[in-house]
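Participant:
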Amino acid sequence: MLRIPLRIILRGALMAGGMGILVAAASPLEVAAQDRTPMRVAVEGAFPPFNYLDANNKLQGFDIDIANALCEVGKFECQFIIEKWDDIIPNLVADKYDAIISSMSMSLERRQKIAFTEKYYNSPSVFIARKDSSISDVSPAGLGGKILGVTSSTAQESYANHVYPEMKKKVFRSSPELYKGLSDGSVDIILEDKLAIYDWIANTKAGTCCEFKGPDLVDVIYFGEGAGIALRLDDKERLTRLNEALKSIKADGTYDMINAKYFPFSIQ
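Under full-length UniProt numbering, think of the first position of the sequence shown as 1, with each following residue one higher.
(1) Within the segment 44-127, note down every full alpha helix (DSSP H) run reaching 4 residues or more, in order along the chain.
(2) Would the beta-carbon of residue 178 fall within 8 angstroms of that of residue 207?
(3) Starting from residue 239, follow its DSSP beta bridges and name the residues at the other end.
(4) Rounded to whole angstroms, what's the CA-CA distance from residue 43 to residue 131? Just pull it up for me.
(5) Quick one: Cα of residue 220 to Cα of residue 226, how far?
(6) Between the alpha carbons of residue 45 and residue 214, how many angstroms are there, rounded?
(7) Is the distance from the Cβ of residue 173 to the Cβ of residue 158 below 8 angstroms?
(8) Helix, strand or coil: which one does DSSP assign to residue 225?
(9) What three-state label does DSSP hand residue 166 in the structure shown?
(10) Count the other CB atoms, across all protein chains shown, that sit within 10 Å of the CB of residue 142; report buried if there are 16 or more and exposed otherwise.
(11) Tell me the residue span of the beta strand (DSSP E) that contains residue 214.
(12) Let's see if you can read the secondary structure: which residues bound the alpha helix (DSSP H) around residue 199?
(13) Take residue 49 as the anchor and find which of 235, 254, 199 and 209 has the nearest alpha-carbon.
(14) Could you pull out every residue in the same chain whose Cβ sits closer than 8 angstroms to the Cβ of residue 91, ignoring the five residues on either side in sequence?
(15) Go ahead and label residue 61 buried or exposed: buried means 16 or more other beta carbons lie within 10 angstroms of its beta carbon, across all protein chains shown.
(16) Spatial neighbours of residue 165 within its chain, please: C-beta separation below 6 angstroms, excluding the five flanking residues on both sides.
(17) Under a Cβ-count criterion, where at least 16 other Cβ atoms within 10 Å of its own Cβ denotes burial, should residue 265 be classed as buried or exposed?
(18) Just mark residue 109 as buried or exposed, buried being the case when its beta carbon has 16 or more other beta carbons within 10 Å.
(19) Just reading off the beta strand (DSSP E) that residue 147 is part of, what are its end residues?
(20) Nearest by alpha-carbon distance to residue 140: which of 104, 189 and 228 is it?
(21) Should residue 192 be labelled buried (16 or more other beta-carbon atoms within 10 Å of its own) or exposed?
(22) In the DSSP assignment, find the alpha helix (DSSP H) that holds residue 181 and state where it starts and stops.
(23) So, at 8 angstroms on beta carbons, what are the nonlocal neighbours of residue 182 in its own chain, with the 5 sequence-adjacent residues on each side left out?
(24) Enumerate in chain order the residues of its own chain whose CB-to-CB distance from residue 194 is below 7 angstroms, with the five nearest sequence positions on each side excluded.
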């Protein structure tokens with residue numbers, strides 16, 4: 001199948017010296033790009049295994065593979081833009097890009113500001129603590145006196161602020177920083193997306209320190225009904241095309257192939 005080269009723009013201080021630009025090499029096949037609709041796709045780039053930068057500063061992950069498949073089937077010429085999570089919704093609304101494909105949960109609060117496609121995966125949230133921790137009860141009373149870690153501007157932070165209002169919290173800028181805070185003992189327990197942290201616990205040396213605590217959390221008010229692709233509220237035509245493309249990659253087996261690359265179980 002034809003692959004249109006993707007340009008990647010790194011925002012902020014993700015590369016030495018501030019903003020950097022990586023442009024894919026031109027290909028003779030790029031002539032077909034004129035038949036495609038340009039679409040700027042924002043991702044955080046710091047949420048493995050869903051979206052992250054590898055050793056060569058190339059975007060990798062489940063979200064990236066899904067985005068590439070949707071761009072192919074939906075006939076979009078896609079440009080990836082790496083954006084800080086705190087800015088990702090405001091800058092979508094401000095028309096700095098057209099879509100967010102970055103494991104964004106479709107919470108009721110977010111639906112007031114932006115539109116979502118149908119879900120492309122679903123994951124509960126869960127508490128994680130070190131294996132040597134005495135924590136067994138994750139209720140507000142059971143976690144009294146403990147320090148809870150969350151990532152800034154996430155559904156988990158919102159949930160923690162509303163359901164655990166009296167608990168002392170430490171807010172991290174990214175998931176990797178959150179995991180480090182747990183492993184080095186700067187927090188007692190963290191609240192995170194279960195699939196996001198699964199790879200860290202199962203496949204990294206640092207993650208062997210820790211384990212899930214308590215039941216899965218599936219509160220629709222805070223965590224929504226899964227992860228969706230975010231668009232501006234008035235972008236109806238793109239919403240329809242992306243939903244059709246999503247339906248197509250699920251029907252032809254592309255989605256299952258991408259799923260199997262990252263997880264030994266279905267995340268639909």
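No residue lacks a Cβ here, since even glycine has one placed at the ideal position from N, Cα and C.
Facilitator: Reading from the atomic positions:
(1) Complete alpha helix (DSSP H) runs here, min 4: 62-73, 85-93 and 108-111.
(2) For this step, residue 178 is matched to residue 178 along the sequence shown. For this step, residue 207 is matched to residue 207 along the sequence shown. Result no, Cβ atoms of residue 178 and residue 207 do not sit closer than 8 angstroms.
(3) Working through the sequence shown from its first residue, we reach residue 239 at position 239. Beta bridge pairing from DSSP links residue 239 with no other residue.
(4) Locating residue 43 in the sequence shown gives position 43, where the first residue counts as 1. Locating residue 131 in the sequence shown gives position 131, where the first residue counts as 1. For residue 43 and residue 131, the distance between alpha carbons rounds to 32 angstroms.
(5) As a working note, residue 220 is residue 220 in the sequence shown. As a working note, residue 226 is residue 226 in the sequence shown. Taking the straight line joining both Cα atoms gives about 9 angstroms.
(6) Along the sequence shown, read from residue 1 onward, the residue named residue 45 stands at position 45. Along the sequence shown, read from residue 1 onward, the residue named residue 214 stands at position 214. The straight-line gap from Cα to Cα measures roughly 29 angstroms.
(7) Reading the sequence shown from its first residue, position 173 is the one you call residue 173. Reading the sequence shown from its first residue, position 158 is the one you call residue 158. No.
(8) Sequence index remark: in the sequence shown, residue 225 carries index 225 (1-based). Three-state result, residue 225: coil.
(9) Here the question's residue 166 lines up with position 166 in the sequence shown. Note: residue 166 maps to coil in three-state DSSP.
(10) The count along the sequence shown starts at 1 and reaches residue 142 at position 142. So residue 142 counts as exposed.
(11) Here residue 214 refers to the residue found at position 214 of the sequence shown. According to the DSSP assignment, residue 214 belongs to the beta strand (DSSP E) that extends over 210-217.
(12) Here residue 199 refers to the residue found at position 199 of the sequence shown. That run of the alpha helix (DSSP H) goes 194-203.
(13) Along the sequence shown, one-based indexing puts residue 49 at 49. Residue 49 has its Cα closest to that of 199, out of 235, 254, 199 and 209.
(14) The count along the sequence shown starts at 1 and reaches residue 91 at position 91. Closer than 8 angstroms at the Cβ level, and outside the excluded window around residue 91, lie 42, 83 and 97.
(15) Residue numbering aside, residue 61 sits at position 61 when the sequence shown is read from its first letter. So residue 61 counts as buried.
(16) As a first step, residue 165 is located in the sequence shown; it is residue number 165 there, counting from the start. No residues qualify anywhere along the chain.
(17) Counted from its first residue, the sequence shown places residue 265 at position 265. Per the 10 Å Cβ criterion, exposed.
(18) Taking the sequence shown and counting its residues from 1, one reaches residue 109 at position 109. Residue burial is scored here from C-beta neighbours: residue 109 has fewer than 16 other C-beta atoms within 10 angstroms and is therefore classed as exposed.
(19) As a first step, residue 147 must be located in the sequence shown, where it is residue number 147. For residue 147, the uninterrupted beta strand (DSSP E) run begins and ends at 147-151, by DSSP.
(20) On the sequence shown, residue 140 is found 140 positions in, with the first residue counted as 1. Closest by C-alpha distance to residue 140, out of 104, 189 and 228, is 189.
(21) Position 192 of the sequence shown, counted from the first residue, corresponds to residue 192. Residue 192 is buried by the Cβ-count criterion.
(22) Walking along the sequence shown from the start, residue 181 turns up at place 181. Here the alpha helix (DSSP H) through residue 181 covers 175-183.
(23) Translated into positions along the sequence shown, residue 182 becomes position 182. So the qualifying residues of the chain are 128, 129, 130, 149, 189, 190, 209 and 210.
(24) The sequence position of residue 194 within the sequence shown is 194, counting from 1. Excluding residues within five positions, the ones whose Cβ falls inside 7 angstroms are 123, 124, 125, 126 and 216.
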